[in-house]
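Written out below as structure tokens is the structure these notes cover.
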Amino acid sequence: MTFEIFTFSFMHRAIISGIAIAILCSVVGLFLVLRRYSLFGDAIAHSSFGGIALGLMAGIYPLWTAYGVSIVSALIMTRIKDKFNISGDASIAVLLSSGIAVGLVIIGLSGGFTLDIFSFLFGSILLVSVNDTILILSLTGIILIVILLLYRQLLYSTFNEEQAKVSGIPVEKINYLIVFMAGITVVTSIQLVGVLLISALFVIPNVTAIMYGKGFKQTAIISMSFSIFSVVAGILISYIFDITPAGTIVLFAIGIFACTMGIKSAGLLSRHN
Amino acid sequence: MLKVVEIDHLTIEYPDVKAIDDVSFTVNQGDFLGIIGPNGAGKSTLFASMLSLNTKYKGTIKFFGTDIRKSKNYLKEIGYVPQKPIFEKNFPATVNDVVKMGLQKESDENKIDEILQQLWIHELSERRIGELSGGQQQRVFIAKALVNNPKVLILDEPVTGIDQQSIDLFYSILKELNSKQNITIIWSSHDLDAVNKLANHVACLNRTLFFHGESDDFFENDELVKQYSEASMQEHMHHH
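Going down the list, the protein sequences come from chains H and W.
This note's numbering puts the first residue of the first sequence at 1, with every later residue one more than the last.
This note's numbering puts the first residue of the second sequence at 1, with every later residue one more than the last.
Have a look at this one:
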């Protein structure tokens, strides 16, 4: 039974997609966490709920409408935040609740489609198709290339916006780029952990890795490793014990975080902070 | 003499107050200009405009003969060290990472080692920036400002809250950069003794410009010195 699961092609797709999403969420999430924007992923995920409902009602593949709605609403919200000087946490609350509200109204209007909605709320990684896997791998590749090409600009504007501006970095454009990449990452990850648990993949491996890593690249690699481990272990264990993969993945991530806190409290990780 | 900065009739108005009122002065290549003035005199506001962080001003600011409203290219020639660099305390960046942020071209990486050695922070290169003392952090930020070979260094009260030993080292580094590498330095400070020792030009700012000229001319004018000593003393008390 234990080794048999490695022979299923749906398991191959789940693990390959899961690893790609783990890497993507770690890297994009690290920029969000360091910008004190940890819950932004959550807000985008909730706004995607409106997009998913819209797709289901219109008979369009729900993830396409989710991409559109999430990215557009995240960019608009960022613009409103900058223009009207609304704080980051308040703008997250507005984005989060409006997505759910729109989704609920659409579901109500169309008489409900509970089953479909559930797979988006809680993820369905074991059901990813070959096409989904190709899409996930392609988007991961594109976003990683963009991050590598603009590494200095992204890092510098995250570290200190004012100084980055003085060095001639177009900070506002970089901010919009991060929001755009976060939108794509969130919707891509919905299949793995669902709308409700996405922020866990953005935040938990990163806050854990920050306690270990010295430099930025080292921290990103540690975060990716924790994330990949949580995803792969979560998928396998959940299959063996027939429990939900999303919850199991996030519990593994929380487990690593808790162990790190324990190690730190015992004074074995006192170098930083 | 090459004019590095030309500020002409600069006025910056906030809704209820004029932060800068009709200020004009020129900085030539190789000048070491100390800008002095009490708290709220407009020093940081002046710098924000010079660095294009604030674009709502009247008058013109030129760097290397070009109006900064027309092109931001001049920023590549400037190293800026803020009063107190603000960053997330737990930010996972080593000293090396931070200095590298200032580097415009990846190919210049050898330059990082050179600068770190010059500023006596070579041994700290793999330490996290948040772990260092205020004085060490400030040296890292100077290294970041210098790594791109700037022609001009702009420093906004860069020694606030730093121990005396670090301040002395910092000043000797500035002196060397100016005299040996001919880097133009524009530096705001409330330490008149340090300005007297280091700067060759002085500007007294208190919303408007009260004096701008050679350092010797300023320090020979007892009345001006007395007036600004008192202002800076008050500021010193305020800081404590």
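Beta carbons are placed, not taken as given, at the ideal position from N, Cα and C, and that holds for glycine.
Check: Chain W residues whose Cβ lies nearer than 8 Å to that of residue 160/H; Outcome: 85, 86 and 87
Check: Contact with chain W by residue 137/H, beta-carbon distance below 8 Å; Outcome: no
Check: Contact set between residue 51/W and chain H, taken where Cβ atoms lie within less than 7 Å; Outcome: 166
Check: Which listed residue (266/H, 106/H, 251/H and 147/H) has its alpha carbon closest to that of residue 200/H; Outcome: 251/H
Check: Cβ pair residue 102/W, residue 145/W closer than 8 Å; Outcome: yes
Check: Rounded distance between the beta-carbons of residue 185/H and residue 17/H, thought under 8 Å; Outcome: Between residue 185/H and residue 17/H the Cβ distance is about 13 Å, and since that is not below 8 Å, they are no contact.
Check: 6 Å CB neighbourhood of residue 110/H in its chain, flanking five on each side removed; Outcome: 57
Check: DSSP beta-bridge partners of residue 185/W; Outcome: 32/W and 153/W
Check: Residues near residue 176/H by beta carbon distance below 7 Å, same chain, minus five either side; Outcome: 75 and 78
Check: Alpha carbon of residue 44/W to alpha carbon of residue 36/W, nearest angstrom; Outcome: 11 Å
Check: Cβ-heavy atom distance, residue 57/H to the ligand SAH, below 7 Å; Outcome: This structure lacks the ligand SAH, and indeed carries no ligand of any kind.
Check: Sequence ranges, alpha helix (DSSP H) only - wholly within the segment 39-104 of chain H, length at least 4; Outcome: 40-58 and 62-84
Check: Per-residue DSSP class, three states only, for residue 152/H; Outcome: helix
Check: contact_flag[the segment 122-139 of chain H, the segment 242-256 of chain H] where n(CB pairs < 8 Å) is 3 or more; Outcome: yes
Check: Close beta carbons around residue 198/H, own chain, < 6 Å, minus the five adjacent residues each side; Outcome: 41, 45, 186 and 189
Check: Proximity test, Cβ basis, 8 Å: residue 216/H and chain W; Outcome: yes
Check: As assigned by DSSP and simplified to three states, the class of residue 199/W; Outcome: coil
Check: Identity of the residue in 117/W, 157/W, 118/W and 92/W nearest residue 128/W by Cα; Outcome: 92/W
Check: Residue from 28/H, 103/H and 4/H with nearest C-alpha to residue 281/H; Outcome: Beyond the ends of chain H as shown, which are 1 and 273, falls residue 281/H; an answer cannot be given.
Check: Residue 124/W and residue 95/W closer than 8 Å at C-beta; Outcome: yes
Check: Neighbour list for residue 210/H in chain W, Cβ cutoff strictly below 7 Å; Outcome: 90 and 92
Check: Alpha-carbon spacing of residue 90/W relative to residue 49/H, whole angstroms; Outcome: 33 Å
Check: Boundaries (first-last residue) of the alpha helix (DSSP H) holding residue 220/W; Outcome: 215-220
Check: Residues near residue 155/H in its chain [Cβ-Cβ closer than 7 Å; skip 5 each side]; Outcome: 216
Check: For residue 189/H, the three-state DSSP class (helix, strand or coil); Outcome: helix
Check: Which of helix, strand or coil DSSP assigns to residue 190/W; Outcome: coil
Check: Distance CB(residue 215/W)-CB(residue 202/W) smaller than 8 Å; Outcome: yes
Check: Below-8 Å beta-carbon distance, residue 219/H vs any chain W residue; Outcome: yes
Check: Complete runs of the alpha helix (DSSP H) confined to the segment 11-93 of chain W [at least 4 residues]; Outcome: 43-50
Check: Buried versus exposed call for residue 7/H [16 or more other C-beta atoms within 10 Å across all chains shown]; Outcome: exposed
Check: Short CB-CB distance (under 8 Å) between residue 156/H and chain W; Outcome: yes
Check: Test: residue 79/H CB closer than 8 Å to a CB of chain W; Outcome: no
Check: Residue 206/H - partner residues in DSSP beta bridges; Outcome: Note: residue 206/H sits in no beta bridge, so no partner.
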